[in-house]
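Report on the structure given below.
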Amino acid sequence: MNEIQSEKTADTLISNAASARFECTYGRGCAGICCRNGRPPVTRAESGRINANLSKFLPEMRPEARKLVKKHGYLSRRGLRDQPMLRVVSSWCVFFNQGCVLHRVGAEEGDKYRYKPLPCSLFPIAKDTKGRWQVRQKGHNRELWDLFCLDPLSTTVAAVVSLREEIELIKKLANDHEGPFES
687 MNEIQSEKTA
697 DTLISNAASA
707 RFECTYGRGC
717 AGICCRNGRP
727 PVTRAESGRI
737 NANLSKFLPE
747 MRPEARKLVK
757 KHGYLSRRGL
767 RDQPMLRVVS
777 SWCVFFNQGC
787 VLHRVGAEEG
797 DKYRYKPLPC
807 SLFPIAKDTK
817 GRWQVRQKGH
827 NRELWDLFCL
837 DPLSTTVAAV
847 VSLREEIELI
857 KKLANDHEGP
867 FES
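In my numbering, the protein residues as written are 687 to 869.
Structure, rendered in structure tokens:
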């Protein structure tokens with residue numbers, strides 16, 4: 687694909703942009719349920735950034751997560767799309783502690799996406815089975831994850847408005863790294 691994604695509008699970049707509704711209510715009724723049993727795949731580059739900065743994250747982690755990571759690392763034996771996945775302990779991502787530790791440390795340094803795996807940074811935007819970007823929604827493309835925030839009836843907020851930063855991140859990544867970000 688030669689078309690540069692930054693020139694695309696949200697309506698052409700996101701397959702269900704016209705109908706998708708989403709409002710993240712983390713801290714306003716949601717405790718971070720997307721991190722519960724969340725096992726996102728992690729690329730080699732992402733794990734390199736995490737490895738290089740692990741000493742920043744360990745003190746911020748839950749005690750049981752810190753212990754597991756020190757003993758076994760933060761990547762599980764499970765994989766998705768030939769990539770390792772983050773570990774879970776006590777039903778939560780090892781980097782979850784009253785929010786995402788990776789997000790929090792990155793935000794303190796000026797870039798909340800700096801350390802987060804891409805699936806976490808873009809949630810609830812993901813590729814569908816045909817490789818098109820979509821907003822994950824209950825009832826759309828056989829969405830399996832039954833989170834209240836993925837129910838389009840739970841809010842009137844258009845996803846293209848509430849997910850403006852995530853959509854801009856897709857455009858930026860598409861310009862920086864053609865290939866896996868093409869749609």
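By construction, the Cβ of each residue, glycine as well, lies at the ideal position given by its N, Cα and C atoms.
| Query | Result |
| --- | --- |
| Beta bridge counterpart(s) of Pro805 as assigned by DSSP | DSSP lists no partner for Pro805. |
| Reduced DSSP category for Pro727 - H, G, I as helix; E, B as strand; rest coil | strand |
| Supposed close pair Val821, Ala706 - CB separation, criterion 8 angstroms | 4 angstroms |
| Burial state of Gly724 (16 or more Cβ within 10 Å) | buried |
| Nonlocal neighbours in the same chain, by C-beta distance under 8 angstroms from Ser840, ignoring five residues either side | Arg707, Glu709, Phe834 |
| At least three beta-carbon pairs within less than 8 angstroms, the stretch 808-827 to the stretch 773-787 | no |
| Sequence ranges, beta strand (DSSP E) only - wholly within the stretch 778-827, length at least 3 | 811-813, 819-821 |
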